[in-house]
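First to last, the protein sequences are chains R and W.
This note's numbering numbers the first residue of the first sequence as 214 and each following residue consecutively.
This note's numbering numbers the first residue of the second sequence as 90 and each following residue consecutively.
Even for Gly, the Cβ is constructed at its ideal location relative to N, Cα and C.
None of the values given here were measured: they were computed from a predicted structure.
First up is the structure itself, then whatever we jot down about it.
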Amino acid sequence: MKKLVVLAVLLLVSACGIKPTPVLEAGPAPTLRSPASEGRGTDLILYFVLADRVTPVVRPSAGVVGIESALTMLMDGPSVDEREGGYKTDLPRLSGAITSTPGPPTTITVPFPLRPITGAGVNQLVCTAFAALAARGGYTADGTVALAGPDILLPYQTCQA
Amino acid sequence: MTAPRIRSWLAGLRPRLVAAFAVIMILGATTAAGASYVFARRAILEGVQDQTMLKLRDQIAAYLPTVSLPPSQATLDSFATALKSSNALVVYRELHSSSILSIDDVPGDLRHAVATTTNIQFQRVDVQGFPLFFVGIPVQTGSGRPSGLEVYAMTRLTDQQEAIDELARYAVLFSALVLPFAVGVGLLAARQVLRPVRALNTAASQLGRGRLDVRLRAKGSDELAQLVTTFNHTAAELERTVGTLRAMEADARRFVADVSHELRTPLAAMNAVTDVLDEDADQLPPDTAVAARLVSAETRRLTRLVQDLIEISRFDAGRAELRREDLEVAAAIGDTLAARGWEPGAELAADLPSGITARLDRRRLDIVVANLVGNALRHGAPPVEVALRQDHGDVVLTVTDHGPGIPADVLPKVFDRFTKADTARARSEGSGLGLSIARENARLHGGDIVAANTGTGARFELRLPREAW
Numbered sequence: 214m215k216k217l218v219v220l221a222v223l224l225l226v227s228a229c230g231i232k233p234t235p236v237l238e239a240g241p242a243p244t245l246r247s248p249a250s251e252g253r254g255t256d257l258i259l260y261f262v263l264a265d266r267v268t269p270v271v272r273p274s275a276g277v278v279g280i281e282s283a284l285t286m287l288m289d290g291p292s293v294d295e296r297e298g299g300y301k302t303d304l305p306r307l308s309g310a311i312t313s314t315p316g317p318p319t320t321i322t323v324p325f326p327l328r329p330i331t332g333a334g335v336n337q338l339v340c341t342a343f344a345a346l347a348a349r350g351g352y353t354a355d356g357t358v359a360l361a362g363p364d365i366l367l368p369y370q371t372c373q374a
Numbered sequence: 090m091t092a093p094r095i096r097s098w099l100a101g102l103r104p105r106l107v108a109a110f111a112v113i114m115i116l117g118a119t120t121a122a123g124a125s126y127v128f129a130r131r132a133i134l135e136g137v138q139d140q141t142m143l144k145l146r147d148q149i150a151a152y153l154p155t156v157s158l159p160p161s162q163a164t165l166d167s168f169a170t171a172l173k174s175s176n177a178l179v180v181y182r183e184l185h186s187s188s189i190l191s192i193d194d195v196p197g198d199l200r201h202a203v204a205t206t207t208n209i210q211f212q213r214v215d216v217q218g219f220p221l222f223f224v225g226i227p228v229q230t231g232s233g234r235p236s237g238l239e240v241y242a243m244t245r246l247t248d249q250q251e252a253i254d255e256l257a258r259y260a261v262l263f264s265a266l267v268l269p270f271a272v273g274v275g276l277l278a279a280r281q282v283l284r285p286v287r288a289l290n291t292a293a294s295q296l297g298r299g300r301l302d303v304r305l306r307a308k309g310s311d312e313l314a315q316l317v318t319t320f321n322h323t324a325a326e327l328e329r330t331v332g333t334l335r336a337m338e339a340d341a342r343r344f345v346a347d348v349s350h351e352l353r354t355p356l357a358a359m360n361a362v363t364d365v366l367d368e369d370a371d372q373l374p375p376d377t378a379v380a381a382r383l384v385s386a387e388t389r390r391l392t393r394l395v396q397d398l399i400e401i402s403r404f405d406a407g408r409a410e411l412r413r414e415d416l417e418v419a420a421a422i423g424d425t426l427a428a429r430g431w432e433p434g435a436e437l438a439a440d441l442p443s444g445i446t447a448r449l450d451r452r453r454l455d456i457v458v459a460n461l462v463g464n465a466l467r468h469g470a471p472p473v474e475v476a477l478r479q480d481h482g483d484v485v486l487t488v489t490d491h492g493p494g495i496p497a498d499v500l501p502k503v504f505d506r507f508t509k510a511d512t513a514r515a516r517s518e519g520s521g522l523g524l525s526i527a528r529e530n531a532r533l534h535g536g537d538i539v540a541a542n543t544g545t546g547a548r549f550e551l552r553l554p555r556e557a558w
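As structure tokens, this is what we get:
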């Protein structure tokens with residue numbers, strides 16, 4: 214009887230409000246795929262749109278790929294397999310030379326107008342550029358890049374995951 | 090209501106039923122509300138925590154490919170900017186991004202856990218009454234070791250706390266709202282149970298007062314209905330038995346009455362004969378004279394017995410008539426004493442104040458007084474005191490003797506028929522019906538006789554109302 218009363222009181226006391234918890238575990242941490250410190254990354258990372266979010270896609274590649282070729286491959290859009298997986302692109306299918314000038318600021322020049330491009334599309338470009346840069350162990354001086362189109366210049370772009 | 094009445098009401102079935110219902114319903118409601126509260130709280134907290142963790146993890150996973158180790162301050166800042174919507178802080182060894190969340194705000198336990206494992210860690214802390222949710226996500230290398238890159242995010246659970254507090258308030262409120270409902274249901278159930286119980290109680294008390302024909306209607310087939318049926322059977326059986334007994338008693342009484350009547354005529358003839366014998370006894374031979382006197386005496390005794398029996402069977406049959414007339418009570422009692430030849434003197438002291446009038450049956454008063462005084466003279470010792478007085482609306486006559494008194498075992502049944510105080514004498518002069526008849530007469534007047542011992546003798550007190558009412 215006494216135990217029951219104690220239990221009831223404990224239940225009542227513990228029943229109210231939000232109680233602090235100790236440190237708890239919840240699943241494995243994300244993995245840094247191509248850490249530059251452990252040798253040059255050999256994977257090519259492209260960013261496509263999956264369920265309205267910019268998501269990285271890993272493509273096997275023979276060697277280190279520069280920013281320009283990574284962006285060119287990005288412009289080609291998701292592969293058949295990736296399309297089936299739900300990946301889309303917000304970028305126009307336009308061929309043309311994409312050039313990058315190392316900074317500061319690191320500037321990526323695209324041959325299509327930037328105004329119609331959505332935020333996700335801009336992120337695709339910026340994130341892929343950053344990933345390609347990181348694969349070589351490099352980074353921009355202030356963590357931003359500038360996008361230059363025939364119509365507009367977008368400075369201080371960061372990858373918004 | 091006084092305290093004992095409240096206590097007796099509380100001891101009743103109704104408050105107990107109501108209390109039981111209230112306790113059960115409150116317990117049930119509280120348990121249900123408490124359980125749903127606990128589950129809802131968990132759902133709310135887990136919802137916001139899981140959402141925070143998943144969003145941050147996905148954001149980190151998406152951004153990670155753009156990061157190379159070791160990061161510069163600018164890289165950390167861009168990382169933090171990329172995770173801006175999660176309000177995150179990115180740490181790499183001594184470096185940390187300049188975010189809104191300060192590194193000092195992150196709990197030490199969490200930092201330690203994040204630094205040493207490759208699992209996402211979270212902790213809920215309470216800072217000055219505000220619940221905060223911290224999540225720490227370490228970044229592991231491809232070989233499964235901590236990379237040194239850690240991301241922390243903090244979410245205030247204030248909205249959740251308010252929602253949960255509101256849940257608790259509603260749980261308490263609804264539990265409380267159940268109370269009047271429970272009391273109502275309890276009262277209803279108590280009424281359902283108590284109505285037949287009350288009916289049974291009434292019927293049983295009527296049965297106890299002698300109404301043997303009382304029956305209840307049995308409704309339904311529950312335990313109470315069975316009880317009612319049993320009660321009805323019992324009452325019916327009781328009525329049958331009592332009826333049989335009454336019929337037997339009535340038969341016996343009628344038999345006595347019939348026998349008495351039948352004996353009257355031969356006794357009258359015998360009395361005539363014994364009167365003659367008594368007169369002529371002197372001329373008979375001595376032996377025959379003794380026999381004749383014995384027969385004569387016994388015949389007179391038998392005549393008195395038969396007369397008494399006839400009198401008492403009239404009472405039994407309810408055929409005794411009361412003829413009230415205005416009496417000067419003292420004079421009537423005086424006449425009775427004089428007619429029996431009881432003169433006031435050494436043996437008898439009469440205190441009969443005149444002026445007390447009452448409407449009484451002269452003949453019955455005479456029988457009663459003669460019986461009481463005769464008994465006192467016969468069984469008690471002189472002097473016998475006869476005292477009359479008026480007590481409010483009653484006339485009270487006490488007859489006190491100075492004899493041995495009435496034995497304690499006889500006192501309760503001194504007015505019963507054929508009760509004899511002096512068991513040593515099997516045959517007394519009286520019929521054994523005198524006091525019984527006296528009391529029947531007193532009761533016919535609406536009065537009574539009580540007997541008591543004074544310590545120096547026996548006292549009979551006759552109390553008769555002055556007026557019929």
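- Interface flag for Thr285(R) against chain W is unset, since no Cβ pair is found closer than 8 Å.
- Checking the DSSP bridge columns, you'll see Tyr181(W) partnered with Leu184(W), Leu238(W).
- Between Ile538(W) and Ile401(W) a beta carbon distance of about 15 Å is seen, past the 8 Å cut, so the two are scored as non-contacting.
- By the 16-neighbour rule on beta-carbons within 10 angstroms, Glu529(W) is buried.
- By the Cβ-count criterion, Trp98(W) is exposed, with fewer than 16 other Cβ atoms from all chains shown falling within 10 Å of its own Cβ.
- Secondary-structure assignment with DSSP links Gln249(W) through no beta bridge to anything.
- Straight across, the Cα-Cα distance linking Ile330(R) with Val216(W) is about 44 Å.
- Taking 8 Å as the threshold, the shortest C-beta distance from Leu338(R) to chain W does not fall below it.
- At a cut-off of 8 Å, the C-beta of Gln249(W) has a neighbouring C-beta in chain R.
- Residue-level contact by beta carbon fails for Tyr241(W) and chain R, as no gap is shorter than 8 Å.
- With 16 or more other Cβ atoms from the protein chains shown falling within 10 Å of its own Cβ, Ile321(R) counts as buried.
- In the DSSP annotation of this structure, the continuous segment of the alpha helix (DSSP H) that includes Arg382(W) starts and ends at 375-406.
- In summary, the residues of the stretch 147-159 of chain W whose CB is separated from some CB of chain R by less than 9 Å are Asp147, Gln148, Ile149, Ala150, Ala151, Tyr152, Leu153, Pro154, Thr155, Val156, Ser157, Leu158, Pro159, in the order they occur in the chain.
- Interface criterion met: the Cβ of Thr268(R) is under 8 Å from a Cβ in chain W.
- Check the Cα spacing between Ala541(W) and each of Ala531(W), Gln479(W), Asp498(W): the tightest is with Asp498(W).
- Residue pairing by DSSP places Asp215(W) opposite Pro220(W) in a beta bridge.
- Counting along the chain, the unbroken beta strand (DSSP E) around Ile321(R) starts and ends at 319-322.
- As computed with DSSP, Phe261(R) is found in a beta bridge with Thr268(R).
- Counting along the chain, the unbroken alpha helix (DSSP H) around Thr363(W) starts and ends at 312-369.
- Contact annotation: the stretch 240-253 of chain W does not touch the stretch 254-270 of chain R, with fewer than three C-beta pairs closer than 8 Å.
- No Cβ of chain R is located within less than 8 Å of the beta carbon of Gln315(W).
- Here Ala459(W) really is in contact with Arg429(W); their C-beta atoms are around 6 Å apart, less than 8 Å.
- For Ser313(R), the enclosing beta strand (DSSP E) stretches over residues 312-314.
- Going by beta carbons, Ile209(W) and Val195(W) fall outside the 8 Å limit.
- Bounds of the beta strand (DSSP E) holding Val488(W) are 483-489.
- A buried status is given to Met288(R), since no fewer than 16 other beta-carbon atoms sit within 10 Å of its beta-carbon.
- Three or more Cβ pairs closer than 8 Å define a contact, and the stretch 274-292 of chain W falls short of that threshold against the stretch 250-264 of chain W.
- Taken atom to atom, the span from the alpha-carbon of Leu441(W) to that of Asp483(W) is near 15 Å.
- Listed by position along chain R, the residues whose Cβ is nearer than 7 Å to that of Thr170(W) are Thr371.
- Contact between Asp198(W) and Val236(R) is confirmed by a C-beta separation of about 5 Å, below the 8 Å threshold.
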